[in-house]
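2 protein chains.
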Amino acid sequence: MKIAILGFGVVGSGAYEVLEKAGFKVKKVLDVRPHPELGDVLTSDYDEILNDKEIGVVAEAIGGLEPAHTFAVKALKAGKSFVSSNKHLICTYYDELHTLAKENGVSLCYTSSAGGGIPWLYNLKRSVRCDDIYKICGIMNGTTNFILDAMISDGRDFDEVLKEAQSLGYAEANPSADIDGLDTARKTAISSSIAFDTVIKESDVSVFGMRNIKKCDIDYITKKLGKTVRYLGYGVKTDNSVSVFVEPTIIEKGALEANVNKNFNMISLFGESVGRLSFYGQGAGKYPTGNAVAQDVIDVINGASPLVYEPKDVKTDNSALKRKYYIRTSSSLASDIFRAEEKDGDTRYIITKETDVSSIHALAKEILKESPDSFFAGIE
Amino acid sequence: MKIAILGFGVVGSGAYEVLEKAGFKVKKVLDVRPHPELGDVLTSDYDEILNDKEIGVVAEAIGGLEPAHTFAVKALKAGKSFVSSNKHLICTYYDELHTLAKENGVSLCYTSSAGGGIPWLYNLKRSVRCDDIYKICGIMNGTTNFILDAMISDGRDFDEVLKEAQSLGYAEANPSADIDGLDTARKTAISSSIAFDTVIKESDVSVFGMRNIKKCDIDYITKKLGKTVRYLGYGVKTDNSVSVFVEPTIIEKGALEANVNKNFNMISLFGESVGRLSFYGQGAGKYPTGNAVAQDVIDVINGASPLVYEPKDVKTDNSALKRKYYIRTSSSLASDIFRAEEKDGDTRYIITKETDVSSIHALAKEILKESPDSFFAGIE
Chain A
-2 MKIAILGFGV VGSGAYEVLE KAGFKVKKVL DVRPHPELGD VLTSDYDEIL NDKEIGVVAE
58 AIGGLEPAHT FAVKALKAGK SFVSSNKHLI CTYYDELHTL AKENGVSLCY TSSAGGGIPW
118 LYNLKRSVRC DDIYKICGIM NGTTNFILDA MISDGRDFDE VLKEAQSLGY AEANPSADID
178 GLDTARKTAI SSSIAFDTVI KESDVSVFGM RNIKKCDIDY ITKKLGKTVR YLGYGVKTDN
238 SVSVFVEPTI IEKGALEANV NKNFNMISLF GESVGRLSFY GQGAGKYPTG NAVAQDVIDV
298 INGASPLVYE PKDVKTDNSA LKRKYYIRTS SSLASDIFRA EEKDGDTRYI ITKETDVSSI
358 HALAKEILKE SPDSFFAGIE
Chain B
-2 MKIAILGFGV VGSGAYEVLE KAGFKVKKVL DVRPHPELGD VLTSDYDEIL NDKEIGVVAE
58 AIGGLEPAHT FAVKALKAGK SFVSSNKHLI CTYYDELHTL AKENGVSLCY TSSAGGGIPW
118 LYNLKRSVRC DDIYKICGIM NGTTNFILDA MISDGRDFDE VLKEAQSLGY AEANPSADID
178 GLDTARKTAI SSSIAFDTVI KESDVSVFGM RNIKKCDIDY ITKKLGKTVR YLGYGVKTDN
238 SVSVFVEPTI IEKGALEANV NKNFNMISLF GESVGRLSFY GQGAGKYPTG NAVAQDVIDV
298 INGASPLVYE PKDVKTDNSA LKRKYYIRTS SSLASDIFRA EEKDGDTRYI ITKETDVSSI
358 HALAKEILKE SPDSFFAGIE
């Protein structure tokens, strides 16, 4: 079985190098830019790959929805297995792509779409075969972890650290997808879909961004509360539904996640029989993510397990899970969920009663209207 | 393909329950003790399993070398895949069992033989397919981690905590295999064999036990050095060889391993392309370990990847890797590797220069002759 790679950017070229070094020849690379080092391997015509009967696995590292989606559908319909590092694609077309792969008797692998080089989704898929997963949770975004770690370690403020992250290439010029939570939301949706054997959409995930965190929050959390903070995605089984959300979260200083530094990721599953399993590593980068793409390709070549896809109809309900929250705001809004409060000038530091995710996210919208720089964090 | 389980003790019954709950029927369980709940499934005659052509995978959870070894050889020769949770068996007969599995075209899986419920060895095997692993290291023994964590957290001394571990069932009545390092040495040997694609024997592993650690060591390490201590197994690639050793090791308080508490394990691989990957979870226990056995069985049923076994001839050389050491002793021995020293009565607290593992382990033997309660730890 021969391999094609779509896109020769950071991840695509990383996967190419890892595969070639391990003795797996890549037959075709699709890219519109010139790459003379690839010689005849390079093509800009997808049909050349689609019509090549030797090519059995297509690894996509283009990113974005189009043309990735069209390429995915065509590959699967042509009976080729499809590997992708593209969380936007997988999250948006989760059901369609799985159904197509199943109908065409081929594999669909996307380990690197959440957790970068960490075999998180791979192991999560393996776990659900004989365990009931009741929770997944973790640090799934390196940019936000880099920012929080630097703010906590160096006492610097958000804007300064964000600029450093941008200059190091960890954060985009437009950092919204990271700091407003969309990136983590998509990874959480994909992880929750696998964990709970259903289809969770991006729009099912309740999200607090983390761009409003300030030095005063870090000081309050680390000194007054004696804890620390990380940006976490959660999928949690409740009685008849699942809660899926992304929030800055205040955790114990001795928690494993509290010691995940720089741009590393750590994601955990909680299973009825296996207990807690955590996976730690590089959540991004040419070679780590390229390695994860290469591993998926090798799985396909070795004859990956047959795709089991019979998603259940599971309700997403973010009113079913309760925890306490920390709020820092200048809004004068009152609420009967506020349990304790300290004031520093106009700034209120509030700890809430146990509150469900939907209610607090709704309240946050009201508070942010009045005081747009307010910050919210769940408390573990 | 039907399943047989050998041994219906803690792990065997755990695997049985996990498999049955997930819809995988176990056809036969071998045990010499009565288990009326198993009905016709129970047998005490191994030939009944061996001669049953429907049974394609035999999962062994007996422990020890015999009859486990005889059963393994017979199963593989009969063309049945073999799954084992038995580190003693796998470590001792690593080469023979792999060769037999390869010759007979069947699978040999032993994920649960190191790391219990953690899919550590499974992922390590997957990693080596397209990465150069240059180091493996980690907490592989829950008993010693429980002891160290309790000593550090509660300020208690070794003997008292060991007794608690025994009463909780975490430590055996004879705790030697845990606290003298044999258990970790076997897991380190198996992990290193996979990581470096060779055969590392138990006798290749240099081992410091941890039974000599005292409250005064914990105080010195945590207060004077500002660090903490864990019991770690290491396999490290050097220029032309590998160093494989087990030692108490002084690490930074912010290291991930420093926050692995109770009887949990965390094991890491370091690959040229993927970087560091760490795996955390329950290193023992009926359901976690039973889950790992069940996962291996399901891999076989799903058609596990073909066994690649072409071990290289790699030299083990523990003189090739150097680091500093902490020594607490009443011996008056002098050595030119001692770099700094503090005295408290007769007790000397020594920090050495960078020293290779072989030399320090040889020196330790001399020192222990004079002062049998001396304690040694590597410094990361």
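Those protein sequences? They're chains A and B, same order as listed.
The first sequence begins at -2 in the working numbering and counts up one residue at a time.
The second sequence begins at -2 in the working numbering and counts up one residue at a time.
We treat Cβ as the ideally placed atom computed from N, Cα and C, and that holds for glycine.
Check the C-beta distance from D156 (chain A) over to V271 (chain A) and give it rounded, since I have them as a contact under 8 Å. Wrong, their Cβ atoms sit about 42 Å apart, outside the cutoff.
Using C-beta distances below 7 Å, list every residue in its chain close to L159 (chain A), excluding the 5 sequence neighbours before and after it, in chain order. I144, A168, P172
Which residues of chain A have a Cβ atom closer than 8 Å to the Cβ of K256 (chain B), listed in chain order? Looking at the sequence itself, residue 256 (chain B) is Asn, so the reference to Lys does not match. Residues of chain A passing the Cβ test: G251, A252, L253, A255, N256.
Between I187 (chain A) and Y91 (chain A), is the Cβ-Cβ spacing less than 8 Å? yes
Give the DSSP-derived three-state secondary structure of A19 (chain B) in the structure shown. coil
Name, in chain order, the residues that DSSP records as bridge partners for T344 (chain A). A:D341
In chain A, which residues lie with their C-beta within 7 Å of the C-beta of D128 (chain B)? N288
Taking its Cβ as the centre, do 16 or more other Cβ atoms sit within 10 Å of D214 (chain B), making it buried, or is it exposed? buried
Members of the stretch 209 to 238 of chain B near chain A, C-beta cut-off 8 Å: none
Whole-number beta carbon distance between I191 (chain B) and K224 (chain B), since they are thought to touch under 8 Å: Not confirmed; about 30 Å, so no contact.
Is DSSP giving M263 (chain A) helix, strand or coil here? strand
Looking at the C-beta of V26 (chain A), does it have a partner C-beta in chain B at a distance below 8 Å? no
Three-state secondary structure (DSSP) of S327 (chain A): coil
Report yes if the C-beta distance between V80 (chain A) and Y107 (chain A) is below 8 Å; otherwise report no. yes
Near L121 (chain A), which residues of its chain fall below 8 Å by C-beta distance, leaving aside the five closest residues on each side in sequence? I130, I133, S188, I191, A192, L266
D314 (chain B) in three-state terms, based on DSSP: coil
Is DSSP giving E244 (chain A) helix, strand or coil here? strand
Mark D370 (chain B) as exposed unless 16 or more other C-beta atoms lie within 10 angstroms of its C-beta, in which case mark it buried. exposed
Going by other Cβ atoms of all chains shown within 10 Å of its Cβ, with 16 needed for buried, is S150 (chain A) buried or exposed? exposed
Cβ shell of D154 (chain A) (< 8 Å), same chain only, five flanking positions each side left out: M148, K211, K212
Is E14 (chain B) near the ligand GDP, in the sense that its beta carbon is under 7 Å from a heavy atom of that ligand? Summarising the ligand content, the structure contains no ligands, and the ligand GDP is consequently not present.
Kindly list, in the order they appear in chain C, the residues whose Cβ is closer than 9 Å to that of A291 (chain A). Of the chains in the structure shown, none is chain C; the protein chains are A and B.
Enumerate, from N- to C-terminal direction, the unbroken beta strand (DSSP E) stretches of 3 or more residues contained entirely within the stretch 196 to 245 of chain B. 224 to 234
If distances are taken between C-alpha atoms only, which option among B:A291, B:D201, B:T219, B:G20 comes closest to S355 (chain B)? B:D201
Just tell me which of B:D293, B:P308, B:I218, B:L179 has its CA closest to the CA of S302 (chain B). B:D293
Which value, in whole angstroms, describes the spacing of the CA atoms of T96 (chain B) and V23 (chain B)? 27 Å
With burial defined as no fewer than 16 other Cβ atoms inside 10 Å of the residue's Cβ, what is the status of V29 (chain A): buried or exposed? exposed
Let me see if you follow: with CB-CB separation under 8 Å, is P308 (chain B) close to chain A or not? no
Give me the Cα-Cα distance between I357 (chain B) and G278 (chain B), rounded to the nearest whole angstrom. 32 Å
Could you tell me which residues DSSP puts in a beta bridge with S275 (chain A)? A:S265, B:Y277
Who are the neighbours of V15 (chain A) on chain B, taking C-beta pairs under 8 Å? C127, D128, S270
For a contact meaning CB atoms closer than 9 Å, what does Y277 (chain B) contact in chain A? L253, M263, S265, R273, L274, S275, F276, Y277
With distances taken from CA atoms, which of B:S327, B:T326, B:I348 is nearest F335 (chain B)? B:I348
Could you tell me the distance, in whole angstroms, from the CA atom of T313 (chain A) to the CA atom of T89 (chain A)? 16 Å
Which residues of the stretch 94 to 114 of chain A have a Cβ closer than 7 Å to any Cβ of chain B? Give them in chain order. G114
Environment of K259 (chain B) [buried if 16+ CB atoms lie within 10 Å]: exposed
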